[in-house]
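The structure under discussion appears below in the form of structure tokens.
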Amino acid sequence: MDFFSGEIIAIDKPYEWTSFGVVARVRNLLTQHLQQKVKVGHAGTLDPLATGVLLLCTGKATKRIEELQAHDKEYIATLKLGATTPSYDREYPEDTQYPVDHITTRLLQQTLARFVGEIEQIPPAHSACKINGEHAYRKARRGEEVTLKPKKLVIDSIELLSCQMPEIRLRIVCSKGTYIRALARDIGQALDSGAYLTALQRTRIGAYSLDCCKQLDEVPTWLDSLSDMN
Numbered sequence: 001m002d003f004f005s006g007e008i009i010a011i012d013k014p015y016e017w018t019s020f021g022v023v024a025r026v027r028n029l030l031t032q033h034l035q036q037k038v039k040v041g042h043a044g045t046l047d048p049l050a051t052g053v054l055l056l057c058t059g060k061a062t063k064r065i066e067e068l069q070a071h072d073k074e075y076i077a078t079l080k081l082g083a084t085t086p087s088y089d090r091e092y093p094e095d096t097q098y099p100v101d102h103i104t105t106r107l108l109q110q111t112l113a114r115f116v117g118e119i120e121q122i123p124p125a126h127s128a129c130k131i132n133g134e135h136a137y138r139k140a141r142r143g144e145e146v147t148l149k150p151k152k153l154v155i156d157s158i159e160l161l162s163c164q165m166p167e168i169r170l171r172i173v174c175s176k177g178t179y180i181r182a183l184a185r186d187i188g189q190a191l192d193s194g195a196y197l198t199a200l201q202r203t204r205i206g207a208y209s210l211d212c213c214k215q216l217d218e219v220p221t222w223l224d225s226l227s228d229m230n
């Protein structure tokens with residue numbers, strides 16, 4: 001493999017790792033392997049509490065990052081209904097409770113169908129969106145008011161995989177720029193309740209699925225095997 005001419009490495013991002021942390025780890029391993037520095041970037045950030053497909057681009061392949069980010073993405077999301085957190089995931093404890101007794105499978109199906117197609121979505125305050133050059137999440141963590149503009153995006157499909165109240169599991173196929181945490185928030189509101197993510201796994205970016213991902217802790221052995229082949 002030629003990491004300078006450019007390679008795409010699909011990693012199954014571990015839970016609680018940042019996307020930038022994975023990039024830094026792989027860059028360090030490649031530097032040790034190649035005995036010189038090589039550029040490494042990633043296409044499509046995953047939140048620390050999410051897992052799944054993270055595409056790393058090396059060398060000249062970093063020019064393909066924008067192209068790869070434009071591909072559709074698939075997620076498996078677990079939502080807890082009847083409560084919210086400030087970040088709409090498990091980073092913070094629940095802050096508000098809502099009724100769920102009125103939520104039926106039929107109501108769920110009808111509500112989810114309303115989010116399929118082109119929609120406008122306001123990114124969560126706890127996000128990497130920038131306000132005057134500063135990440136929104138930094139302002140939110142300081143307790144400052146965060147106002148973000150809605151963005152147009154496309155939800156290709158939402159499939160209800162299971163419903164064991166108060167938790168539901170969804171398979172979501174969507175365009176770039178979709179915040180699944182914000183989708184959870186909006187689904188909860190549309191149900192006249194609340195919702196937040198308890199688990200999120202990205203299962204595909206374009207043609208790259210979990211099946212072709214390497215585990216992060218397998219990368220050193222993989223690089224060693226490449227040396228043995230030379």
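For what it's worth, this note's numbering labels the leading residue of the sequence shown as 1, then goes sequentially. Every residue gets a Cβ at the ideal spot worked out from N, C-alpha and C, and that includes glycine.
Kindly identify the DSSP beta-bridge partner or partners of residue i.
i, result
"R240", "Residue 240 falls outside the range modelled here, since the chain spans only 1 to 230, and no answer is possible."
"K13", "G52"
"G235", "This structure gives no information on residue 235, because the portion of the chain shown stretches from 1 to 230."
"S162", "R169"
"A83", "Q97"
"L107", "Paired residue(s): none; L107 is not in a bridge."
"Y92", "None; Y92 has no bridge partner."
"Q215", "D12"
"A195", "L81"
"S209", "R204"
"T58", "V40"
Using 8 Å as the threshold, is the C-beta distance between residue i and residue j below it?
i, j, result
"P166", "G82", "yes"
"L29", "V219", "yes"
"L79", "A190", "no"
"T84", "T96", "yes"
"L68", "V22", "no"
"V100", "S193", "yes"
"T58", "K37", "no"
"L210", "A77", "no"
"C213", "A50", "no"
"S162", "R169", "yes"
"L46", "V26", "no"
"L148", "M1", "no"
What does a CB cutoff of less than 8 Å around residue i pick up in its chain, not counting 5 residues either side in sequence?
i, result
"G117", "V154, I155"
"K60", "F4, S5, G6"
"I187", "L79, T111, L112, F115, A195"
"L107", "L191"
"P150", "E120, Q121, I122"
Spatial neighbours of residue i within its chain, please: C-beta separation below 6 Å, excluding the five flanking residues on both sides.
i, result
"A184", "L79, Y88, A195, Y196, L197"
"E74", "V173, T203, R204"
"T31", "K37"
Taking 7 Å as the line, does the beta carbon of residue i fall inside it for any heavy atom of the ligand FAD?
i, result
"I103", "Among the components modelled here there is no ligand, and therefore nothing to report on the ligand FAD."
Excluding five sequence neighbours on each side, which residues of the same chain lie with their C-beta closer than 7 Å to the C-beta of residue i?
i, result
"Q215", "D12"
"T18", "P48"
"G231", "Since the first residue of the chain shown is 1 and the last is 230, residue 231 is not available in this structure."
"S175", "D72, L153, V154"
"L223", "L29, H33"
"R64", "C57"
"Y208", "A10, V53, L55"
My guess is that residue i and residue j are in contact by the Cβ rule of under 8 Å, so how many angstroms apart are they, rounded?
i, j, result
"H71", "G206", "3 Å"
"Q121", "L160", "Not really, about 20 Å apart at Cβ, beyond 8 Å."
"R181", "P124", "5 Å"
"T62", "G44", "Going by Cβ atoms, the distance from T62 to G44 rounds to 14 Å, so no, they are not a contact pair."
> For the region 21-48, which segments carrying the beta strand (DSSP E) assignment without a break, of at least 3 residues, lie completely within its bounds, in sequence order?
Replying inline: If we require 3 residues or more, the beta strand (DSSP E) runs fully inside the region 21-48 come out as 40-43.
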